[in-house]
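Read through the structure below, which is laid out as structure tokens, and then see the notes.
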Amino acid sequence: MAYAKITGSGSYLPERVVSNDALAADLATRQVETSDEWIVTRTGIRQRHIAAEGTTTSQLATHAAKAALDDAGIAATDVDLIIVATSTPDYVFPSTACLVQANIGAGGGAAFDVQAVCSGFVYALATADAFVRAGRAQTALVIGAEVFSSILDWSDRSTCVLFGDGAGAVVVQRSEKPGIMAAQLQADGTQMGVLHAAGNVAHGKVVGDPFLRMDGQAVFRLAVNHLSDSARAVCAEAGVPLTDIDWFVPHQANVRIINFLGKKLGLDASRVVVTVDQHANTSAASVPLALDQARRDGRIQPGQLVLLQGVGGGFTWGSVLARM
Ligand code: ACO
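Rendered as structure tokens:
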């Protein structure tokens with residue numbers, strides 16, 4: 001039986017680190033009041049990386065992609081599928097995936113973007129899994145990358161303190177050994193109102209509202225309920241009990257959501273990868289950033305079972321269960 005297996009990972013964070021105190025001081029100059037204490041207590045976030053003005057998502061994605069290729073020990077020319085998950089693409093078109101393809105010199109294969117906001121990486125990984133198992137691709141690069149700071153309203157303290165910029169990537173290759181065991185993707189478009197950036201560019205002008213808006217408490221409720229159901233569904237599909245999961249790598253939005261979910265699923269905190277304190281919420285980049293960090297620091301080992309989960313605007317959510 002053919003599987004799609006994660007054979008490498010990489011990530012990239014912009015150089016500039018902004019602590020909660022530094023952010024609070026900066027926001028104070030705009031008459032926006034917040035504090036390290038409020039942010040840490042409600043979210044667990046201590047700092048975020050913010051891209052320098054002019055930095056693009058494709059640049060962050062290219063760094064992460066190169067690191068993942070190095071880790072997998074393969075050449076860019078071996079890649080025949082690139083999927084980039086992002087809500088902050090460089091352009092209306094071409095896709096960020098096409099820009100990455102050109103940057104790394106991986107000509108020829110398919111390249112496209114996936115738009116599922118903070119669920120984007122999980123959506124992209126499940127898509128790559130389907131391509132690879134169907135024999136439509138041999139070697140895929142799956143990337144989550146965001147310059148999320150570009151869609152934040154810095155006068156809205158209820159959202160601007162929550163996010164950061166970054167990119168993470170994995171190489172997925174066809175393999176006879178077990179890799180991705182099951183995937184589950186869902187959406188509920190009727191819940192669009194709880195989290196959106198409902199703007200666009202048309203006729204040379206910004207139309208609508210180009211900034212992220214969120215009903216935080218509604219997002220909290222939807223995230224916890226949908227993700228616990230999704231975790232159970234993906235384990236049932238793979239025929240493994242939840243207790244077999246070695247590592248849980250959830251979307252890094254808020255440590256309270258992560259802790260609540262871990263408890264609901266009966267997963268001990270020592271098996272949950274948390275990076276939200278360091279990176280804040282990097283949307284589509286959050287899951288691959290956390291996965292890469294835990295692979296590189298030796299926590300996630302070959303052969304272990306990992307549950308990856310995303311949740312975000314749309315409303316979208318999903319899970320991938322992968323044997324590493
Ligand atoms: N600093 C100081 N005070 C603030 C800030 C801030 N940055 N933001 C809001 N407040 C104030 C509010 O004005 C309000 O004040 P009031 O009582 O005087 O009116 C008070 O704090 C409480 O506001 P709430 O919005 O009720 O705060 P809540 O306890 O719900 O926490 C939070 C907000 C952290 C967003 C929470 O709802 C949550 O965790 N939601 C989950 C959503 C999430 O994490 N989203 C991330 C992106 S979505 C995703 O990735 C899926």
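Note that this note's numbering has the sequence shown beginning at 1, numbered continuously upward.
Built from N, CA and C at the ideal position, the CB exists for glycine as well.
Query raised in the report: G216: beta carbon under 7 angstroms from a heavy atom of ligand 1?
Result: G216 has its CB nearer than 7 angstroms to a heavy atom of ligand 1.
Report task. Please report the residue range of the beta strand (DSSP E) in which G208 lies. Result -> Boundaries of the beta strand (DSSP E) around G208: K205 to G208.
Query - S158 Cβ short of 7 angstroms to ligand 1 heavy atom set - result: S158 Cβ: within cutoff of ligand 1.
Query raised in the report: Rounded to a whole number of angstroms, what is the C-alpha to C-alpha distance between D215 and A253?
Result: Taking the straight line from one Cα to the other gives about 14 angstroms.
Requested in this report: Note down, in chain order, each residue of its chain lying with its Cβ closer than 8 angstroms to the Cβ of S19, except the 5 sequence neighbours on either side.
Outcome: In chain order, D36, R46 and Q47 place their CB closer than 8 angstroms to the CB of S19, counting only its own chain and leaving out the 5 sequence neighbours on each side.
Query - Any non-hydrogen atom of ligand 1 closer than 7 angstroms to V161 Cβ - result: Flag set: Cβ of V161 near ligand 1.
Report task. Assign S270 to one of two classes, buried (16 or more other C-beta atoms within 10 Å of its C-beta) or exposed (fewer than that). Result -> S270 is exposed by the Cβ-count criterion.
**Report entry** Reduced DSSP category for R299 - H, G, I as helix; E, B as strand; rest coil
**Finding:** In the structure shown, R299 sits in coil (DSSP, three-state: anything other than H, G, I, E or B).
Query raised in the report: From what residue to what residue does the beta strand (DSSP E) around H49 run?
Result: Here the beta strand (DSSP E) through H49 covers Q47 to H49.
**Report entry** Secondary structure of H251, DSSP reduced to three states
**Finding:** In the structure shown, the three-state DSSP call for H251 is coil.
Requested in this report: Specify, as a first and last residue, the run of the beta strand (DSSP E) that V170 falls within.
Outcome: Residues G166 to S175.
Report task. Would you mind reading off the limits of the beta strand (DSSP E) that contains E15? Result -> For E15, there is no enclosing beta strand (DSSP E), since its DSSP letter is neither H nor E.
Requested in this report: Compute the beta-carbon to beta-carbon distance between V255 and T43, rounded to the nearest angstrom, for a pair I have assumed lies under 8 angstroms.
Outcome: That pair is a contact at about 7 angstroms.
Report task. Determine, using beta-carbon pairs with one atom in the segment 295-310 and one in the segment 106-114, whether at least three such pairs fall under 8 angstroms. Result -> Flag = no, the segment 295-310 and the segment 106-114 do not touch.
Query raised in the report: Exposed or buried, V146, counting other C-beta atoms within 10 Å across all chains shown (16 or more means buried)?
Result: Sequence check: residue 146 is Glu here, not Val. Per the 10 Å Cβ criterion, buried.
Requested in this report: Return yes when at least one heavy atom of ligand 1 lies under 7 angstroms from the C-beta of I257, else no.
Outcome: Checking every heavy atom of ligand 1 against the Cβ of I257, one is found closer than 7 angstroms.
Query - Residue of G298, S11, V17 and T7 minimising C-alpha distance to A280 - result: For A280, the nearest C-alpha among the options comes from V17.
Query raised in the report: With a CB to CB cut of under 6 angstroms and the five nearest residues on each side skipped, what residues in its chain are close to K154?
Result: The question names Lys, but residue 154 is Trp in the sequence shown. Excluding sequence neighbours, W154 sits near C160.
**Report entry** Check: H247 C-beta below 7 angstroms from any heavy atom of ligand 1
**Finding:** First, the amino acid is wrong: residue 247 is Trp here, not His. Not one heavy atom of ligand 1 lies closer than 7 angstroms to the C-beta of W247.
**Report entry** Supposed close pair V171, T139 - CB separation, criterion 8 angstroms
**Finding:** Indeed they touch by this definition, with Cβ atoms about 7 angstroms apart.
Report task. May I ask you to list the residues that DSSP assigns as paired with N200? Result -> In the DSSP output, where bridge partners are listed per residue, N200 has V207.
Query raised in the report: Can you tell which of V32, S230 and L23 has the C-alpha that lies nearest to the C-alpha of L321?
Result: Out of V32, S230 and L23, S230 has the C-alpha closest to the C-alpha of L321.
Requested in this report: Using a threshold of 8 angstroms, state whether the C-beta atoms of A332 and G8 are closer than that.
Outcome: Residue 332 lies beyond the residue range present for the chain, which begins at 1 and ends at 324; the question has no answer from this structure.
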